[in-house]
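The numbering of the sequence shown is our numbering, which starts it at 690 and goes up by one.
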Amino acid sequence: MMKLSKPNIPKELDADVAMAVVIEHMDSLVDKKPFYTYEFKGVSERTALGDELNLIIRNKQSAPPVVKFSLKRDSLYHILPEYLFHPLDHYLGTDGDTEEFEKRYKEQEEQKEKALTYFKPFDQYYQNLRIKYQHWLNEHIFSGNQFLSDFITAGQRVDIANSYIKAVYQCIPWLRNFRGNDDMVKAALGYAFEGHAEIQKTKVEVTEALSENIHSNLNGTLDDLYCGSTFITRVYVWKVFYQVKIKTGKHLSELKQQIEEFSTFFSQWFLSVEDKLEITFGDRCAFPELSDARIEEGVFLNYSTQLI
């Protein structure tokens with residue numbers, strides 16, 4: 690029987706999001722579905738220390754494992770008015786009397802534990818509902834960053850019917866911090882072409898036309914003067930070769946159209962302003978067909994065929 694181990698959960702991850710993922714994963718690992726319990730610390734602790742999710746796992750030989758989540762969430766006890774459980778003057782008259790204060794504090798904590806125990810079935814029921822809803826959000830809204838990508842690209846006419854654009858659509862939220870980053874560009878291109886691409890970044894010299902809008906300063910030094918309609922500059926070019934099996938002439942035409950559209954989209958969204966993208970594709974693994982008996986009209990080569 691496989692034993693569950695404590696997962697490494699990022700501290701900045703929302704506890705509800707983390708639980709929905711952890712529970713689904715743990716359910717898939719063991720034969721007997723684990724028993725999940727929850728401890729509610731109250732949102733005051735989350736405000737002070739952050740929303741870190743803590744969990745304890747107890748594996749058992751002949752029974753389902755027990756997983757206890759410690760949550761910085763409110764129980765019904767925390768939500769309801771305090772006077773329902775503790776007199777408002779509970780500490781009245783304890784000034785300077787440490788022993789009496791500690792006695793009343795202990796009484797209050799005992800009453801608190803009784804209230805938490807009473808509300809535990811209700812808290813667990815509502816928490817299970819919250820997790821089910823979060824799981825639905827993860828699967829239908831946040832899966833593949835669909836929601837965030839839709840929000841960012843709203844009104845930009847991004848064609849996700851293009852399979853290559855759709856493959857990198859999930860990467861769009863990365864662009865805020867990593868647009869133009871080499872590792873991000875390589876990862877996104879890897880998604881686009883499903884790992885069947887050779888990707889290189891090279892620095893090349895290109896000739897650019899000199900804009901007529903550039904301001905001319907005739908009072909400058911001789912070193913500042915430039916004559917000519919073009920100038921040479923150096924830019925980074927991402928060169929991609931996509932290995933793909935080409936089935937028919939129609940398939941070739943569709944590939945060309947989709948890759949050209951993808952190249953324009955990727956350059957505008959993912960690359961630095963000065964970088965360029967060149968994509969070529971073909972099937973380097975294909976064997977040349979000298980003849981095809983299945984096709985009546987075709988090219989048949991023999992030793993006397995003149996190709997040029």
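Each residue gets a CB set at the ideal place from its N, CA and C atoms; glycine is no exception.
Between residue i and residue j, what straight-line distance do the alpha-carbon atoms span, to the nearest angstrom?
i    : j    : result
E728 : D872 : 41 Å
I923 : V895 : For the record, residue 923 in the displayed sequence is Arg; it is not Ile. So the alpha carbons of these two residues sit roughly 6 Å apart.
F954 : I854 : 8 Å
I698 : V706 : 11 Å
T891 : K928 : 8 Å
V755 : T787 : 40 Å
S733 : H767 : 10 Å
A850 : Y814 : 41 Å
I841 : Q835 : 10 Å
K934 : K700 : 45 Å
L899 : E963 : 16 Å
G782 : L805 : 27 Å
Looking at C-alpha atoms only, which residue of the options is the closest neighbour of residue i?
i    : options                : result
L693 : I712, A898, P699       : I712
V719 : K730, T736, Q750       : Q750
R762 : E949, Y725, W927, Q816 : Q816
Y780 : L769, R793, E771       : R793
R735 : L702, K722, S717, F920 : L702
L769 : Q813, F840, S918, G731 : G731
K695 : K757, S733, E950       : K757
L944 : F959, I921, G971       : G971
K936 : A975, G785, T783       : A975
L960 : G833, L773, K722, N866 : N866
T686 : W825, Q947, V962, E963 : Residue 686 falls outside the range modelled here, since the chain spans only 690 to 997, and no answer is possible.
V893 : G869, W863, A876, V926 : V926
Helix, strand or coil for residue i per DSSP?
i    : result
T891 : strand
I854 : helix
A975 : coil
R735 : helix
R865 : helix
L693 : coil
K945 : helix
V933 : coil
K939 : helix
F959 : coil
F920 : strand
K721 : coil
K875 : helix
E713 : helix
*asked:* So within the segment 737-796, which uninterrupted beta strand (DSSP E) runs reach at least 3 residues, ignoring any that extend past its ends?
replied: Fully enclosed beta strand (DSSP E) runs of 3 or longer: 743-747, 755-760.
*Quick one: which unbroken alpha helix (DSSP H) runs of 4-plus residues sit fully inside the segment 790-851? Chain order, please.*
Fully enclosed alpha helix (DSSP H) runs of 4 or longer: 835-841.
*Pair every Cβ in the segment 817-828 with every Cβ in the segment 784-797, then say whether three or more of these pairs are closer than 8 Å.*
Of all C-beta pairs linking the segment 817-828 to the segment 784-797, fewer than three are shorter than 8 Å, placing the two stretches out of contact.
_Does the contact criterion of 3 or more C-beta pairs under 8 Å hold for the segment 877-891 versus the segment 855-862?_
These segments touch.
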